[in-house]
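>
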Amino acid sequence: MSQVAAKADTPFWERGNLAPVHEEVTAFDLPVEGAIPPELNGLYARNGANPREGHSGHWFMGDGMLHGVSLKDGRAEWYRNRWVRTGRFNGEPRKPGMSDIRSGTANTNVIAHAGKIMALVENALPVMMNRELDTVGLNDYGGKLDTSFTAHPKICPVTGEMHFFGYGFAPPFQTYHAVDASGTLMRSIPIPTKAPTMMHDFAMTSEHVIFMDLPVVFDMPAAQRGTMPFAWNDSYGARLGILKRGAGIESLRWVEVEPCYVFHVANAFEEADGTIVIDVAWYNELWRGGPSATTFDKAVLKRWRIPPGATKAQEQQLDDRAIEFPRVNENMAGSHHSIVYSVDTGTDLASQRYTSLRKYDLKSGNSTVHDFNTGLPSEFVHITPEGSSGEDDGWLMGFVYDRTRNASDLVILDAQRIESKPIARIGLPARVPQGFHGNWMPGV
Ligand SMILES: [Fe+2]
Numbered sequence: 225m226s227q228v229a230a231k232a233d234t235p236f237w238e239r240g241n242l243a244p245v246h247e248e249v250t251a252f253d254l255p256v257e258g259a260i261p262p263e264l265n266g267l268y269a270r271n272g273a274n275p276r277e278g279h280s281g282h283w284f285m286g287d288g289m290l291h292g293v294s295l296k297d298g299r300a301e302w303y304r305n306r307w308v309r310t311g312r313f314n315g316e317p318r319k320p321g322m323s324d325i326r327s328g329t330a331n332t333n334v335i336a337h338a339g340k341i342m343a344l345v346e347n348a349l350p351v352m353m354n355r356e357l358d359t360v361g362l363n364d365y366g367g368k369l370d371t372s373f374t375a376h377p378k379i380c381p382v383t384g385e386m387h388f389f390g391y392g393f394a395p396p397f398q399t400y401h402a403v404d405a406s407g408t409l410m411r412s413i414p415i416p417t418k419a420p421t422m423m424h425d426f427a428m429t430s431e432h433v434i435f436m437d438l439p440v441v442f443d444m445p446a447a448q449r450g451t452m453p454f455a456w457n458d459s460y461g462a463r464l465g466i467l468k469r470g471a472g473i474e475s476l477r478w479v480e481v482e483p484c485y486v487f488h489v490a491n492a493f494e495e496a497d498g499t500i501v502i503d504v505a506w507y508n509e510l511w512r513g514g515p516s517a518t519t520f521d522k523a524v525l526k527r528w529r530i531p532p533g534a535t536k537a538q539e540q541q542l543d544d545r546a547i548e549f550p551r552v553n554e555n556m557a558g559s560h561h562s563i564v565y566s567v568d569t570g571t572d573l574a575s576q577r578y579t580s581l582r583k584y585d586l587k588s589g590n591s592t593v594h595d596f597n598t599g600l601p602s603e604f605v606h607i608t609p610e611g612s613s614g615e616d617d618g619w620l621m622g623f624v625y626d627r628t629r630n631a632s633d634l635v636i637l638d639a640q641r642i643e644s645k646p647i648a649r650i651g652l653p654a655r656v657p658q659g660f661h662g663n664w665m666p667g668v
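Count along the sequence shown starting at 1, add 224, and that's the number in the numbering used here.
(1) Whose beta carbon lies closer than 7 Å to any heavy atom of ligand 1, going through the chain in order?
(2) Identify every residue that forms a DSSP beta bridge with Phe252.
(3) With Asn630 and Arg655 assumed to form a contact (beta carbons below 8 Å), what rounded beta-carbon distance in angstroms separates them?
(4) Quick one: what's got a C-beta closer than 6 Å to Glu643's C-beta in the same chain, skipping five residues either side?
(5) Tell me, which residues are paired with Asn590 by DSSP?
(6) If Ala348 sits next to Ser327, beta carbons under 8 Å apart, how far is it from one beta carbon to the other, in whole angstroms?
(7) Are the beta-carbon atoms belonging to Leu600 and Tyr268 less than 8 Å from one another?
(8) Buried or exposed for Phe252, please, with buried defined as at least 16 other CB atoms from any protein chain shown within 10 angstroms of its CB.
(9) Examine the Cβ distances between the stretch 280-295 and the stretch 460-470 and report whether three or more of them are shorter than 8 Å.
(10) Judging by CA-CA distance, which residue of Asp616, Val441, Asp626 and Ala446 is the nearest neighbour of Thr598?
(11) Does the Cβ-Cβ distance between Met289 and Trp302 come in under 8 Å?
(12) CB-CB under 7 Å to Val479, same chain, minus the five flanking residues each way: which ones, in chain order?
(13) Roughly how many angstroms lie between the CA atoms of Val552 and Val564, to the nearest whole one?
(14) Of all the options Glu482, Phe236 and Met423, which has the alpha carbon lying nearest to the alpha carbon of Glu346?
(15) Below 8 Å on the Cβ atoms is my guess for Ala375 versus His387; work out the distance and round it to an integer in Å.
(16) Quick check on DSSP: helix, strand or coil for Trp511?
(17) So which of Val256, Phe454 and Ile434 has the shortest CA-CA distance to Val440?
(18) Give the DSSP bridge partners of Val173, in chain order.
(19) For Ser580, does the count of other Cβ atoms within 10 angstroms reach 16, so buried, or fall short, so exposed?
(20) What is the rounded straight-line gap between the Cα of Thr332 and the Cα of Tyr391?
(21) Would you check if there are 3 or more beta carbon pairs closer than 8 Å linking the stretch 274-284 to the stretch 239-249?
(22) Determine which residues share a DSSP beta bridge with Val624 and list them.
(23) My output table needs one value for Glu548: the three-state DSSP class, helix, strand or coil.
(24) Rounded to the nearest angstrom, how far is the Cβ of Ile547 from that of Ala523, given a contact under 8 Å?
(25) Suppose you measure from the CA of Val249 to the CA of Asn314; what does that come to, to the nearest Å?
(26) Measuring only the C-alpha atoms, how far is Glu238 from Leu637?
(27) Considering only DSSP beta bridges, list what Asp595 is partnered with.
(28) Is Met225 helix, strand or coil when you go by DSSP?
(29) Does Ala631 come within less than 8 Å of chain D when only Cβ atoms are used?
(30) Which ranges would you report for the alpha helix (DSSP H) in the stretch 264-300 if only whole runs of at least 4 residues count?
(31) Rounded to the nearest angstrom, what separates Thr628 and Phe596 at their Cα positions?
(32) Quick one: is Ala446 buried, meaning 16 or more other Cβ sit within 10 Å of its Cβ, or exposed?
(33) Alpha helix (DSSP H) containing Gln658: first to last residue?
(34) Give every residue of the same chain whose Cβ lies closer than 7 Å to the Cβ of Ser475, excluding the five residues on either side of it in the sequence, and list them in chain order.
(35) Tell me which same chain residues have a C-beta within less than 6 Å of the C-beta of Arg309, skipping the five on either side of it?
(36) For the beta strand (DSSP E) that contains Ala343, what are its first and last residues?
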């Protein structure tokens, strides 16, 4: 449980609370400060890169490890952390070449859809897990899915469908897919781009899905260095591909944006006249010359507006503070949201000097913060109470690393008053590294 003693050549993702943990821990009946709302029955699980041994070539390339906390009737039943037992983790041989979708790290996100819990990484198939975080196996949707699966699928709260895409290193480079509410793959549509670009996330409205073809492009020198095989490319251009949900490739149109990079979309929606609005954590540029081992660039909240027939998006920066991990109430996915929750990352995400969450109220233009003081927050998710329709009702939940005791808590905040003292702080027996994305899985 001790922190890794950082040597001068230790990359930032192996320092402080980005460093991996080396033990799998199981603990029951966790101590709680405050009170867990009794209606919170389910599993909070979160994924992250946690190299099993040695060094990973990049922050994003370590073996996936899930951290989960089960809540029931106001109690914190258990905490578990488990590596995802991928083929790669088990030392099985990879197919030669850049992509083997059956052999990934499964390190980026963990979701539940159609009764399956799945650990995701963008260059491989989903890995199914059980609620105790044991690995079940790959999910290729009955043999129908033959591309990778993004770590950021979108589940439509109206239809229950899950929309996603996969990208690879051979034409058409991107393919869009949709799965129905029962988990059957309904549709796969190739989305050709000029080159393999790093497409980490995408957007969904009630009518469309939107792909981000941005100038972080496959880069052989980076691949040969054993890091993420992508670099900024000044000549590539930047555009959004808008595809009508349920329609074919003939409905695809491309719209220009200013060159930039976006890992994460907060949400997207359509106005009455059909204008598409997309809120994103926006990087002015990323990885010029390839990914850096010493710093990580900063993102700000930005809005793209695309009126019907437009060939170029209108752009509006909504704030100048650095944020990442933007999330909204999941029931608002594809609808007109007015609240975005995010982590205040400071000027360099790698520095781990940040301590607060920020809640943007886009109607008033104001934002409020929760400052954890000595705590280092990871991504927080919004949880809506059963039967509630208010966007801001409910709770925020996420891990916070406590520097003073070198361990972590699962913290629950009141989403309407994030600045207030936490409703509950669940003490975990170990450090939870910063990691990437997680979700609350009610009833799981
Ligand atoms: Fe992500």
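Don't be surprised by glycine CBs; every beta carbon is placed ideally from N, CA and C.
Reading it off the structure:
(1) Thr332, Asn333, Ala375, His376, His424, Asp425, Phe487, His488, Phe660 and His661
(2) Trp302
(3) 6 Å
(4) Residues Thr592 and His594 of the same chain have their beta carbon placed closer than 6 Å to that of Glu643, with the five preceding and five following residues left out of the count.
(5) Asp585
(6) Ser327 and Ala348 do touch by the CB rule: their CB atoms are close to 7 Å apart, below 8 Å.
(7) no
(8) exposed
(9) no
(10) Asp626
(11) no
(12) The residues Arg463, Leu464, Ile466, Ile530, Ala534, Thr535, Lys536 and Ala537, in chain order, have a CB closer than 7 Å to that of Val479 in the same chain once the five nearest residues on each side in sequence are set aside.
(13) 5 Å
(14) Met423
(15) Going by Cβ atoms, the distance from Ala375 to His387 rounds to 14 Å, so no, they are not a contact pair.
(16) coil
(17) Phe454
(18) In this structure the chain extends from 225 to 668, so residue 173 is not present and cannot be described.
(19) buried
(20) 15 Å
(21) Per the Cβ contact rule, the stretch 274-284 is in contact with the stretch 239-249 (3 or more Cβ pairs under 8 Å).
(22) Pro601 and Asp633
(23) strand
(24) Sure, about 6 Å apart at Cβ, within 8 Å.
(25) 19 Å
(26) 29 Å
(27) Ser580
(28) In this prediction, Met225 has a pLDDT of 38, which is less than 50 and means its spatial position is unreliable; nothing more can be read from the coordinates.
(29) No chain D is present in this structure, which holds just one protein chain.
(30) none
(31) 12 Å
(32) buried
(33) First-last for Gln658: undefined, no H or E at that position.
(34) Closer than 7 Å at Cβ, skipping near neighbours: Leu467 and Lys468.
(35) Thr359
(36) Note, Ala343: beta strand (DSSP E), Lys340 to Leu344.
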